[in-house]
Structure formats: C-alpha cells, structure tokens
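Residue numbers (the working numbering): -16 to 538. Have a look at the structure below, then the notes.
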Amino acid sequence: MKQTNWYKDAVIYQIYPRSFKDSNGDGFGDIPGIISKLDYLKDLGVNCVWVSPVYDSPQEDNGYDISNYKDIYYKFGTMKDFDLLLEEMHKRGIRLIMDLVVNHTSSKHPWFIDAYNNKDSKYRDYYIIRKGKKGGKKPPNNWTGFFGEKAWERIGDTEDYYLHLFAKGQPDLNWENPKLREEVKDILKFYLDKGVDGFRCDVITLISKKQDFKSRFPKIALTGKDAYINGPRLHEFLHELNVDVLSNYDVMTVGETVLSTLKQSIDLVSPSRKELTMIFNFDNTDTDNYFGVKYIKKKFRLKNLKKVYRKWQHGLYKVGWNSLFIENHDQRRSVGRFGTSSKEEYRELSAKMLATSYFLMSGTPFIYQGQEIGMTNGDFKSIDEFEDVEIKNMYELSKKNAFLRPILRKSMFEVSRDNARTPMQWDNSEFAGFSSVKPWLKVNANKEYINVKDSLEREDSLFHYYQKLIKFRIGNSIIKDGEYIDLLPRHKRILAYKMKTDAGEVVVISNFSTKEIKCKLLTKFNDKNMVLSNYDKHNLVSLKPYETRVYECKF
Ligand code: TEU
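Dropping the structure here:
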C-alpha cells in the first residue's frame, strides 16, 4: 500500500475516555460522550485523535489491562458506538489512532485464566511463566516492575510464577511464541479493516525479554531493566508486524519507549527498517527529575530542555520522524511545569508560550485533553482521593520502606498520574459539565474559571491561541522539513530557535521567565514577519514576561 505520510501534517489530540465526557449519567466518560464533542475538536482544528484504551477490561489500570481486545468495556459503550465514532470522525476529516496494549493483557483475559488454572493449557506459553526458587518459595529472580512491586507473582500454591512488569493484574505476554505474535497481528487487522488510522503502542520496547531470566545487580528501581527494556528481539518483532500487517495500510504508529537511547530510537523509526513511524521518548518530561525517576524531583532548568530539543531535532533530522508533546495521561499537567506558572496572572500567558515553544519543531505535535484550556493538577488533599493503582502501590511501599518514605511522600501527590485524569472541565456547573452525577475522580474546584465554555467565549483564551498555532503548523513545510537551529544555546531564560529550509525560515523566541528581558536577537527580525505572539504590543529590544513570538520569512 502506498504510504502517504499524512502523519507529518497531523496534529493529534489525546482523549482519556473515562475523563472526557459522560453521556449517560454514570459519572464515567464514554464513547457517545466523545462523539458529542467531535465538533469541538473540529473547531479546535486537530485532524487526528488518539483514544486511550476503550477495550473490555477490569480497569485495574484504567483500561491498560485488556480482557478482550475485540470488545468494548460496557461503561464506554458498545462496538456499535465505536464504529459510529470512527465514522463520525472520518466524516469530519479527523483520523483515529487506537491504543495498542500488547506487552501484557489483563489477568482476566481468557488466555491467562486458562494458562493460570491449567498447566497443560495451550495458552501457558502465551505468558512468561517460570519455576520459582526453593520449591516455589521464592520468585525466579529479583526483577522489579514499574509500579514499585516485585515483577513475579506466584501461581496459586504451585512452584510457578508469572511475570508482570506492571500491576499483578497485568501479566506480560510471551512474544517469543510465534502463535502469540499471530494473535497480535489478528488484533491489528481487526481494527485496521474497520478503518482505524494507526496505533499508539503502549510500552512497546518491553516486548522482548532476555531469556536468561537471571537476577540483576545492583538492585535499584526497575531491577532487571537491562533484561526487559529494548530486549534482543525487539526490532525483529516490530519489523515482522510492520511487514506482515501495517505496511498493507496507510497508517502510522507511535511507540511509547521507556529509557531508549537516541541510537536505539533511530533504529526504531528509520523508515527503511520498517518498524515504527515515530516514538515518544521521555527526555523532555525527565528534565525535572533525577535518573528518569519522577519521584526524585529536580529544579527545572531551561538549558536542560534545550539540550533535549537539540538532541532529538538534530538526531532524527532526515533520518526519522519526531513526536512532540508536553502532557499525557501519565504526566502531571504542564501548567506550573517546564518553567510555566500556575499563578492565575500568568497561567494562560505562560501556557501559550510553552505551547508555541514545543509545537513548531519538526515532528507531529500531540495535545492532551484539557491542555488546550490550561487545566491544572487536581486539588487532591489526601491519599483517599486518588484512584490510580500506581500511587496506591507507591503509598503502600512508602509505608513499608523507611528509606523511600520521605522521598515518596514528598513528591507523590504532585507527580501522581491522577493529576492529568481529573474530569474535563466543560463549564462551571457542579460536575464541570462532564457528568450529571459525581464523577469517578474528583472535579477540580478551579472549573469555576478554567473551563471550555469560558475559553470559547473569550477571544484571547488559550483555546483560541491553540487554534491559531494548529492552523499555522498544519501544512507548513518549513517547520515539517526544516533543520532545527538553536539561536541562543546558552541563554538561561530565553529559548530561541529557527527551522530552516531552502524555502524559508520560521523563528520562535520565547521568554521562560516572569521578568522582562533584553534580547538583541529581536532587532534582526521585522515585525511585519511576525505571525504569532501572545502579546498585542511588542518591544523592539526586549521580551515581556512569558512573551513568545513567531516570525516567518519565505525566501
Ligand atoms: O505507561 C508506561 C510507563 O512507562 C508508565 O508506567 C510510566 O512509567 C508511569 O506512568 C510514569 O508515572 C504505559 C501507559 O501509558 C500507562 O498508563 C500504563 O499504566 C502502563 O503503560 C501499563 O500499560
């Protein structure tokens, strides 16, 4: 099938369905709710949507634990609703990307239930099951997983254990088994034949594990990671999926990669290798922590973000394609992060500045629901108000482990994934227009003034700024194909870069501070080439607090 590379002109909006819009008054978002808001998304200007998992699931990890890949979780609706969603999106020229979670299933998946209960089950080899040590008293090795737990769980009172790199209810699949790989291809085809436009591939770099299953030292966070991240057959497995299935459709994939180096990422996205279209790396969201561990917070410094931008823009230039994002359902909100301010006086102004800064580089920009109106972290006051399995596990860990306790307790609330999962704020009514009843997760009190209704009414809102940014980005080949040039690599408060091709250049200059700052660079540009800014009036030689400007020159 001819590949049109449409994704290079896509702006993708991520929907976390349980928090987006409840249509039937059960306090839980659903697919008809999404359909009712498609005109809103069209108005925003995005041309593609990534929907977090809506498959059947016991919801231990909010749908990232799938019990039936070919059915929809009843609270989200039915397969009929899903088909209608796809149709209604395509009618509006919006593409649909599904979340593909195939590193693990739910422990309630019929494959796993059979494998767990029956030693001779044909599904036993769909999972990673190994004999424990000391007659089953101890797990097969010392690996730990992503939610602060041991990575093995004993199968009843047998000697055997199954591997789970996430919650206990998320057993890892065994990709070494060719039959399992055929099942995955079958799932892909099922949705691609419906007309789905691609997949966001959950923790895809974990699917191949080193087969020695030996303990690893030193024992620090993610013990065993060198055995289960970027494993020996990762590229081979992805190539197989691509050649056998994906390349027969004009679709895109974006792989969620955890702790991948630039070199590994280049291999994943080089078109000639036929693996993935693009990846999410987390270097940007790791700029405010140590060792890639979000609980160990570090002061944000612009120079570190600039380093990340240079690394990925230069690293993938003419080699592969980038993704651009500042939020998702696993990250706390970007307001008050990456140098922006959550003080109401600066909230929208600084959010416009950050939006401009990450949006106009080469790559596909992603917007996470609520980001376009500047939603903030949830106002959680006690552990009981949270719902996420990750923070609950971490809280338990902090009770047991005296060394980790102060570190975890200090940052846990602020970095919790639930901060991004609070109900979408549509208006200022009691449940923010998300639902007619009390939602599954606490509504943020600031829905009084941070909400879609208000944003649509105010001409200078962040929402309207995003509209302009999206319009400018889609189809702009200077940005798409341009070479990234950092114009002020050493400046501590100003980010200035140029995207350059033979046809012209686009220049972005942003002040990441609350101070007015002199900037000589500004004198080089003519105001009549300014295409976008978050201020109406501009000073020739200085940038106001959080000011951002975009200039475009065509040669
Ligand atoms: O996330 C993978 C992942 O790396 C996260 O667990 C990350 O470490 C954590 O969220 C940081 O706080 C994906 C999904 O995006 C996430 O929602 C799932 O829980 C996870 O995979 C398991 O499927």
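Every residue gets a Cβ at the ideal spot worked out from N, C-alpha and C, and that includes glycine.
In three-state DSSP terms, what is residue i?
i	result
Phe538	coil
Ile468	strand
Met407	coil
Gly487	strand
Leu341	A quick correction: the sequence has Tyr, not Leu, at residue 341. Three-state result, Tyr341: helix.
Arg561	Limits of the chain in this structure are -16 at one end and 538 at the other, which puts residue 561 out of reach.
Thr347	strand
Asn51	strand
Phe396	helix
Val291	helix
Phe263	strand
Tyr448	helix
Thr188	helix
Thr506	helix
Ser324	coil
Ser418	coil
Thr(-13)	coil
Per DSSP, what are the beta-bridge partners of residue i in this structure?
i	result
Leu526	Ile500
Ile(-2)	Val34
Val276	Tyr273
Asp155	His87
Gly181	Ile80 and Met235
Glu136	Tyr145
Ile492	Ala479 and Arg532
Ile552	Look at the range of the chain in this structure, -16 to 538, and you will see that residue 552 is not part of it.
Ser516	Arg532
Ser306	Thr347
Report yes if the C-beta distance between residue i and residue j is below 8 Å; otherwise report no.
i	j	result
Lys53	Phe173	yes
Glu132	Asn376	yes
Phe495	Tyr534	no
Ala486	Ser525	no
Ile249	Val302	yes
Arg199	Asn125	yes
Gln(-3)	Asn311	yes
Tyr448	Asn517	yes
Leu245	Ile262	no
Asn264	Ile190	no
Tyr351	Ala428	no
Lys463	Ser345	yes
Cys550	Ile96	For residue 550 there is no data in the structure shown, the boundaries of the chain being -16 and 538.
Ile14	Phe59	yes
Asp108	Asn157	yes
Ile212	Thr188	yes
Leu242	Thr127	no
Arg546	Ile500	For the chain, the structure presents residues -16 to 538; residue 546 sits outside this window and is missing.
Glu397	Asn360	yes
Gly616	Pro422	As shown, the chain starts at -16 and ends at 538. That puts residue 616 outside it, with no answer to give.
Ile457	Asp(-8)	yes
Pro123	Lys114	yes
Can you have a look at residue i and say buried or exposed, based on whether 16 or more other CB atoms are within 10 angstroms of its CB?
i	result
Leu69	buried
Asp176	exposed
Gln194	exposed
Phe369	buried
Arg400	buried
Pro472	exposed
Arg388	exposed
His614	Since the first residue of the chain shown is -16 and the last is 538, residue 614 is not available in this structure.
Val226	exposed
Glu413	exposed
Tyr432	exposed
Pro161	exposed
Just to confirm my understanding: we take residue i, look at its own chain, exclude 5 residues before and 5 after, and list those with CB closer than 6 Å. What are they?
i	result
Lys25	Arg75
Lys91	Pro41 and Ser50
Ile453	Val(-6) and Gly28
Lys102	none
Ile18	Leu68 and Glu71
Tyr341	Leu307 and Ile309
Arg293	Asp469
Pro406	Ser2, Ala415, Phe417, Pro422 and Val426
Starting from the C-beta of residue i, find all residues in its chain whose C-beta is less than 8 Å away, skip the five residues before and the five after it, and write them out in chain order.
i	result
Asp271	Lys280, Lys281, Lys282, Phe283, Arg320 and Phe321
Gly152	Pro41, Glu43, Asp44, Asp48, Ser89, Ser90 and Lys91
Asp140	Gly119
Gln(-14)	Ser230 and Asp233
Asp371	Asn45, Ser399, Arg400, Asp401 and Arg404
Beta-carbon within less than 7 Å of residue i's beta-carbon, same chain only, minus the 5 sequence neighbours each way: which residues are those?
i	result
Pro215	Ser191 and Lys193
Gly181	Ile80, Val234, Met235 and Thr236
Tyr273	Ile279 and Lys281
Is the closest heavy atom of the ligand PLP to the C-beta of residue i under 7 Å?
i	result
Arg137	What this structure holds is the ligand TEU, not the ligand PLP.
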